[in-house]
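Let me begin by presenting the structure, written as structure tokens, before commenting on it.
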Amino acid sequence: MTATPLEELRNKLRTYVSENGLRHTQERYRILEIAYNARRVFTPEVLYELAQEEGLQVSRATVYNTLTLFERSGIVLRLPSPGTMYQYLMTFQAEQSPLLFCTQCAEFSTYYRKSVKAILAEKELRPPRFTHEHAIICLYGICNKCKKSAEAQKRAIEREKAKKKKK
Ligand SMILES: [Zn+2]
Numbered sequence: 042m043t044a045t046p047l048e049e050l051r052n053k054l055r056t057y058v059s060e061n062g063l064r065h066t067q068e069r070y071r072i073l074e075i076a077y078n079a080r081r082v083f084t085p086e087v088l089y090e091l092a093q094e095e096g097l098q099v100s101r102a103t104v105y106n107t108l109t110l111f112e113r114s115g116i117v118l119r120l121p122s123p124g125t126m127y128q129y130l131m132t133f134q135a136e137q138s139p140l141l142f143c144t145q146c147a148e149f150s151t152y153y154r155k156s157v158k159a160i161l162a163e164k165e166l167r168p169p170r171f172t173h174e175h176a177i178i179c180l181y182g183i184c185n186k187c188k189k190s191a192e193a194q195k196r197a198i199e200r201e202k203a204k205k206k207k208k
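For the sequence shown, counting from 1, position 20 maps to 61 in the working numbering; every step adds exactly one.
Here's what the structure looks like:
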């Protein structure tokens, strides 16, 4: 039987904790499960809140430290989200599809047409003399919601201008 993605992540964490002489605390594995089940981009604060909802008695500091550990072991990726709080995603999820980041509302969304792995399978996209372990593809721009509200705002300003001219 093959290991489920969650089991694989548990093994990855176990290996990392052992290799770095850290303690195998139960909390770390519970936080891993919660992050895994979130199935979305999350901030440390969101992860903390999810842990609370699950009835896990951990401090914010524990959640933040555990997240750093996940990041070092390659379990999660800190996403490049300029101008906002740190946002994270499970590495395996980041490889499932390209990410879109709206620089107006600072929200991530995903784009499902092709997985990152499939995109990087193209020979021309594989750099020579470099073995990549994981990857994200992130497009920066403006989401439709923000675009529409920016356009509406522009129209409103133009209407105001026109009114003033008439007076
Ligand atoms: Zn937006």
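Here a beta-carbon is modelled for each residue, glycine too, at the ideal position from N, C-alpha and C. None of these values were measured; they are calculated from a predicted model.
_Looking only at its chain, what residues have a beta carbon closer than 8 Å to the beta carbon of L88, apart from the 5 residues adjacent to it on each side?_
I72, I75, A76, A79, V104, L108, Y129
*Check the C-beta distance from L118 over to A135 and give it rounded, since I have them as a contact under 8 Å.*
5 Å
_Anticipated Cβ contact below 8 Å, Y152 with P169, distance rounded_ = With a Cβ gap of about 27 Å, Y152 and P169 do not count as contacting.
*Hey, out of M131, V99, S156, whose CA is closest to F111's CA?*
M131
_Among F142, N52, T125, I178, the one whose alpha carbon lies nearest that of K158_ = I178
*Excluding the five sequence neighbours on either side, which residues of its own chain have a C-beta within less than 7 Å of the C-beta of R167, listed in chain order?*
L161
*asked:* My output table needs one value for T45: the three-state DSSP class, helix, strand or coil.
replied: coil
*Please report how far the alpha carbon of E49 lies from the alpha carbon of A102, in whole angstroms.*
26 Å
_Three-state secondary structure (DSSP) of V58_ = helix
*Taking Q98 as the reference, give the member of R69, T172, F142, S59 with the closest Cα.*
R69
_Beta carbon of F133 nearer than 9 Å to that of F142_ = no
*K186: beta carbon under 8 Å from a heavy atom of ligand 1?*
yes
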